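Novice: Basically the working numbering = 1-based index in the sequence shown + 523. In this text, a Cβ means the ideal position worked out from N, Cα and C, and glycines have one as well. As the structure is a prediction and not an experimental result, all values here were calculated from the model.
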Amino acid sequence: MAMITTLNDFILDRQKDFAYATGELTSLLNDIAVASKIVNRDVNRAGLVDILGAKGETNVQGEEQQKLDVIADEAFIRAFKTGGEVCGIASEENDDFVAFDDETAMNGKYVVLFDPLDGSSNIDVNVSIGTIFSIYRRISKPGTPAVLEDFLQKGADQVAAGYVLFGSSTMLVYSTGNGVNGFTLDPSIGEFCLSHPDIKSPETGRIYSINEGNLDRCDPGLKEYAEYCREDDPSTGRPYSGRYIGSLVADFHRNLLKGGIYVYPTTNNCPEGRLRLLYECNPLAFIAEQAGGIATDGHQRILDIEPKELHERCGYYVGSTTMVEKAMSMLKHKEAFINV
Numbered sequence: 524m525a526m527i528t529t530l531n532d533f534i535l536d537r538q539k540d541f542a543y544a545t546g547e548l549t550s551l552l553n554d555i556a557v558a559s560k561i562v563n564r565d566v567n568r569a570g571l572v573d574i575l576g577a578k579g580e581t582n583v584q585g586e587e588q589q590k591l592d593v594i595a596d597e598a599f600i601r602a603f604k605t606g607g608e609v610c611g612i613a614s615e616e617n618d619d620f621v622a623f624d625d626e627t628a629m630n631g632k633y634v635v636l637f638d639p640l641d642g643s644s645n646i647d648v649n650v651s652i653g654t655i656f657s658i659y660r661r662i663s664k665p666g667t668p669a670v671l672e673d674f675l676q677k678g679a680d681q682v683a684a685g686y687v688l689f690g691s692s693t694m695l696v697y698s699t700g701n702g703v704n705g706f707t708l709d710p711s712i713g714e715f716c717l718s719h720p721d722i723k724s725p726e727t728g729r730i731y732s733i734n735e736g737n738l739d740r741c742d743p744g745l746k747e748y749a750e751y752c753r754e755d756d757p758s759t760g761r762p763y764s765g766r767y768i769g770s771l772v773a774d775f776h777r778n779l780l781k782g783g784i785y786v787y788p789t790t791n792n793c794p795e796g797r798l799r800l801l802y803e804c805n806p807l808a809f810i811a812e813q814a815g816g817i818a819t820d821g822h823q824r825i826l827d828i829e830p831k832e833l834h835e836r837c838g839y840y841v842g843s844t845t846m847v848e849k850a851m852s853m854l855k856h857k858e859a860f861i862n863v
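(1) Measuring CA to CA, which of CYS752, ILE825, GLN538 and GLU754 is closest to LEU798?
(2) Got a sec? Which residues, its chain only, sit under 7 Å from ASP680 by beta carbon, not counting five neighbours each side?
(3) Closest to LYS604 by CA distance: which of ASN617, ILE594, ASP625 and GLU848 is it?
(4) Tell me which residue opens and which closes the beta strand (DSSP E) that GLU714 is part of.
(5) Rounded to the nearest angstrom, what separates ILE810 and TYR751 at their Cα positions?
(6) Enumerate in chain order the residues of its own chain whose CB-to-CB distance from SER843 is below 8 Å, with the five nearest sequence positions on each side excluded.
(7) Determine, using beta carbons only, whether PHE689 and PRO639 come nearer to each other than 7 Å.
(8) Can you give me the C-alpha to C-alpha distance between GLY579 and SER692, rounded to a whole angstrom?
(9) Below 7 Å between beta carbons: does that hold for ASP820 and CYS793?
(10) Which residue wins for smallest C-alpha separation from LEU780, given the options ASP827, GLY705 and GLU848?
(11) Please list the terminal residues of the continuous alpha helix (DSSP H) segment that includes PRO806.
(12) Which of the three DSSP states is assigned to SER843 in this structure?
(13) Buried or exposed: where does SER651 fall if 16 or more other Cβ atoms within 10 Å of its Cβ makes it buried?
(14) Can you give me the C-alpha to C-alpha distance between ILE722 and ASN617, rounded to a whole angstrom?
(15) So what's ALA752 in DSSP terms, helix, strand or just coil?
(16) Grab the span of the beta strand (DSSP E) containing ARG660 for me, first residue to last.
(17) Starting from the Cα of PHE533, find the closest Cα among GLY769, TYR802, TYR697 and GLN823 and give me that residue.
(18) Among VAL648, TYR731 and TYR787, whose alpha-carbon lies nearest the alpha-carbon of ARG761?
(19) Is it right to say ARG661 is buried, meaning 16 or more other beta carbons lie within 10 angstroms of its own, or is it exposed?
(20) When burial is assigned at 16 or more other CB atoms within 10 Å of the CB, is VAL847 buried or exposed?
(21) CB-CB under 6 Å to VAL572, same chain, minus the five flanking residues each way: which ones, in chain order?
(22) In angstroms, rounded to a whole number, what distance separates the CA positions of MET851 and HIS719?
(23) Using the C-alpha atoms, what's the distance from PRO757 back to LEU807?
(24) Buried or exposed for ILE655, going by 16 or more other Cβ atoms inside 10 Å?
(25) Check LEU833 in the structure and name its three-state DSSP category.
(26) Quick check on ILE733: does DSSP put it in helix, strand or coil?
(27) Let me check understanding here. Comparing Cα to Cα, which of ASP755, LYS664, THR627 and ASP641 lies closest to ILE768?
(28) Could you compute how far the alpha carbon of CYS610 sits from the alpha carbon of PRO665?
(29) Out of ASN567, ALA602, SER643 and ILE561, point me to the one whose CA is closest to SER550's CA.
(30) Would GLU547 and GLU608 qualify as a contact pair, given that the criterion is a beta-carbon distance under 7 Å?
(31) Name the one or two DSSP bridge partners that ALA556 has.
(32) Mind checking MET853: buried by the 16 CB within 10 Å criterion, or exposed?
(33) Under three-state DSSP, which class holds VAL772?
(34) Which residue or residues does DSSP assign as beta-bridge partners of THR693?
(35) Thinking just about the alpha-carbon of each residue, which of VAL682, ALA628 and ASN563 is nearest to the one in GLN813?
(36) Starting from THR819, follow the beta strand (DSSP E) in both directions and report where the run begins and ends.
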């Protein structure tokens, strides 16, 4: 019988790899695992109880909140608040960050930014959705409430990041800056078990994930890249396969394992982009780079962007190195051509 490595065992064994191996980060990752199991339970029974559909309110992003959005948000906030390692959180579903005010939490060394349920517009049609999280060491003095500066840190300063995918199986994928590992929830024992050790994203792939309905609103170079992906060229494995679920975590996860590029660009009617830098782009860029890929906003490395506000948005190109670099070369070519 093969040896099973649970997430808890794996984290304890790798604690020496953490930049700050004092035990708090270990506990925090376990808090995330517990909250993920709670959300997984609710997602799996969504069709049987009254938690499907819209809540009737909009979040700070101007998006209609789904009932499960709120349930997931509350589950993670509860886990972080009671765990004692986190002094504050910021969530896509809340207008502002939340500074925990009890003494134990104010001594917490970390802040967490998260998207409690990415792809929630797909909830009612039973498409894969997910949770994305990003962990930083606080900048403010321990024993005091968290402040905005604790959350406005570059992605390169993340201590850990990851995501949970709720699909045909439930997976938790994370990195502490020493590679990427994936764990699948075994419902028979209620534990996340190591299923994808040391994930390495292929240098190139045959999948491109773009909402092609918006190409006429994008940089002309991106439209050229999409045409390149569709061209027939056996020497480079083209045409590539267009795969776009509309659930960021699901698209990202597939491309991470199989090789590919995911693009959510800026457009004429959305010049700042739509994906959130702190809750979506930074944590997945951290994972991508740790697995050998790259992530950019079309002009610079995602992890080097200095955030100016909590709900900042940006364009996003992430995935296999060769494919992202090819897309970037076409954007630069088009920009140069236009400027002439």
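Specialist: Working from what's here:
(1) For the purposes of this step, residue 798 is taken as residue 275 along the sequence shown, with counting starting at 1. When only C-alpha atoms are compared, the closest one is ILE825.
(2) Working through the sequence shown from its first residue, we reach residue 680 at position 157. Cβ neighbours of ASP680 beyond the five flanking positions: TYR659.
(3) Locating residue 604 in the sequence shown gives position 81, where the first residue counts as 1. Cα-wise, what sits closest to LYS604 is ASP625.
(4) Within the sequence shown, numbered from 1, the residue matching residue 714 stands at position 191. Per DSSP, GLU714 belongs to the beta strand (DSSP E) from 714-719.
(5) In the sequence shown, the residue the question calls residue 810 occupies position 287. In the sequence shown, the residue the question calls residue 751 occupies position 228. C-alpha separation (whole angstroms): 27 Å.
(6) On the sequence shown, position 320 is the one that residue 843 refers to. Hits under 8 Å: SER724, PRO725, GLU726, THR727, GLY728, ASN778, GLY782, GLY783, ILE784 and GLY816.
(7) Sequence index remark: in the sequence shown, residue 689 carries index 166 (1-based). Sequence index remark: in the sequence shown, residue 639 carries index 116 (1-based). Result no, Cβ atoms of PHE689 and PRO639 do not sit closer than 7 Å.
(8) On the sequence shown, residue 579 is found 56 positions in, with the first residue counted as 1. On the sequence shown, residue 692 is found 169 positions in, with the first residue counted as 1. Its pLDDT being 47, under 50, GLY579 is placed unreliably in this model, and the value from its coordinates should be taken loosely. GLY579 and SER692: Cα-Cα distance of roughly 30 Å.
(9) Here residue 820 refers to the residue found at position 297 of the sequence shown. Here residue 793 refers to the residue found at position 270 of the sequence shown. No. Outside cutoff.
(10) As a first step, residue 780 is located in the sequence shown; it is residue number 257 there, counting from the start. When each option's Cα is compared against that of LEU780, the closest is GLY705.
(11) If you number the sequence shown from 1, residue 806 lands on position 283. Counted as a single uninterrupted DSSP element, the alpha helix (DSSP H) harbouring PRO806 occupies residues 805-813.
(12) In the sequence shown, the residue the question calls residue 843 occupies position 320. Residue state, collapsed to three classes: coil.
(13) Your numbering for residue 651 matches position 128 in the sequence shown. Buried, by the Cβ-count rule.
(14) Sequence index remark: in the sequence shown, residue 722 carries index 199 (1-based). Sequence index remark: in the sequence shown, residue 617 carries index 94 (1-based). For ILE722 and ASN617, the distance between alpha carbons rounds to 32 Å.
(15) Reading the sequence shown from its first residue, position 229 is the one you call residue 752. The question names Ala, but residue 752 is Cys in the sequence shown. Reduced to three states, the DSSP call for CYS752 is helix.
(16) Here residue 660 refers to the residue found at position 137 of the sequence shown. Residue range 652-660 is occupied by the beta strand (DSSP E) that includes ARG660.
(17) On the sequence shown, position 10 is the one that residue 533 refers to. Proximity to PHE533 across GLY769, TYR802, TYR697 and GLN823 peaks at TYR697, based on C-alpha coordinates.
(18) Translated into the one-based positions of the sequence shown, residue 761 becomes position 238. Of the candidates VAL648, TYR731 and TYR787, TYR731 places its Cα closest to the Cα of ARG761.
(19) Counted from its first residue, the sequence shown places residue 661 at position 138. Answer is buried; the Cβ neighbour count reaches 16.
(20) Translated into the one-based positions of the sequence shown, residue 847 becomes position 324. VAL847 should be labelled buried.
(21) Here residue 572 corresponds to residue number 49 of the sequence shown, with the count starting at 1. The pLDDT assigned to VAL572 is 47, lower than 50, so where the model puts this residue is not dependable, and the model offers no usable value.
(22) Within the sequence shown, numbered from 1, the residue matching residue 851 stands at position 328. Within the sequence shown, numbered from 1, the residue matching residue 719 stands at position 196. The straight-line gap from Cα to Cα measures roughly 30 Å.
(23) Against the sequence shown, residue 807 aligns to sequence position 284. Against the sequence shown, residue 757 aligns to sequence position 234. LEU807 and PRO757 have their C-alpha atoms roughly 31 Å apart.
(24) In the sequence shown, the residue the question calls residue 655 occupies position 132. Buried: at least 16 other Cβ atoms inside 10 Å.
(25) Position 310 of the sequence shown, counted from the first residue, corresponds to residue 833. When secondary structure is reduced to three states using DSSP, LEU833 falls in the coil class, being assigned neither helix nor strand.
(26) Here residue 733 corresponds to residue number 210 of the sequence shown, with the count starting at 1. In this structure, ILE733 counts as coil in the three-state DSSP scheme.
(27) Taking the first residue of the sequence shown as position 1, residue 768 is located at position 245. Checked all of ASP755, LYS664, THR627 and ASP641; the closest Cα to ILE768 is ASP641.
(28) On the sequence shown, position 87 is the one that residue 610 refers to. On the sequence shown, position 142 is the one that residue 665 refers to. Here the C-alpha atom of CYS610 lies approximately 8 Å from the C-alpha atom of PRO665.
(29) For this step, residue 550 is matched to residue 27 along the sequence shown. Out of ASN567, ALA602, SER643 and ILE561, the CA that lies nearest to the CA of SER550 is found in ALA602.
(30) Position 24 of the sequence shown, counted from the start, is the residue given in the question as residue 547. Position 85 of the sequence shown, counted from the start, is the residue given in the question as residue 608. In this structure, GLU547 lies near GLU608, with their beta-carbon atoms less than 7 Å apart.
(31) Within the sequence shown, the letter at position 33 stands for residue 556. DSSP lists no partner for ALA556.
(32) The count along the sequence shown starts at 1 and reaches residue 853 at position 330. The residue is buried, with at least 16 neighbouring Cβ atoms inside 10 Å.
(33) Counted from its first residue, the sequence shown places residue 772 at position 249. The answer is helix: DSSP assigns VAL772 an H, G or I state.
(34) Stepping through the sequence shown from its first residue, residue 693 is reached at position 170. Partner(s): PHE689.
(35) The residue given as residue 813 occupies position 290 in the sequence shown. Out of VAL682, ALA628 and ASN563, VAL682 has the C-alpha closest to the C-alpha of GLN813.
(36) Counting from one through the sequence shown, the residue named residue 819 turns up at place 296. From DSSP, the beta strand (DSSP E) with THR819 extends over 817-819.
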